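Enquirer: Handing you this structure, nothing more for now.
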Amino acid sequence: MITLALTSRLWRGELLGLEWKRLDFSNGILDVSQSMIHALKGEIIVKSPKTKTSFESSITKFHVKGAKRILRLYIARTK
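Rendered as structure tokens:
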């Protein structure tokens, strides 16, 4: 996540709003269609990103490989 944050030019809220289903592993495309923020009262709000519309961001093979590894670990722990 840190490497993605440093290299993708995404806003913090866009990074927090990412979902696994929005990652196209085979083409290295990340669909950024939502942003997540914490409101003053502690509630979490999911909204559209600052760019007004969703957009796609290309990610490197390094990011795809790391994401696959993290997803495999997550799936193994939730079984």
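The sequence shown lines up with residues 1 to 79 when you count with the UniProt record's numbering.
We put the beta carbon where it would ideally sit given N, CA and C, even for glycine.
Predicted model only: the values in this text are computed from it and were never measured.
So, for R22: in the same chain, excluding its five sequence neighbours on each side, which residues have a beta-carbon less than 8 Å away from its beta-carbon?
Expert: L30, D31, V32, S33, listed in sequence order.
Enquirer: So is I59 buried or exposed if we call it buried at 16+ other beta carbons inside 10 Å?
Expert: buried
Enquirer: Going by DSSP in three states, I37 sits in which element: helix, strand or coil?
Expert: strand
Enquirer: DSSP three-state label for L18, please.
Expert: In this structure, L18 counts as coil in the three-state DSSP scheme.
Enquirer: Just to check my reading of the structure: T11 and S26 have Cβ atoms closer than 8 Å, yes? What is that Cβ distance to the nearest angstrom?
Expert: Thr is not the amino acid found at residue 11; the sequence shown has Trp there. A Cβ-Cβ distance of about 26 Å is found for the pair W11 and S26, leaving them out of contact under the 8 Å criterion.
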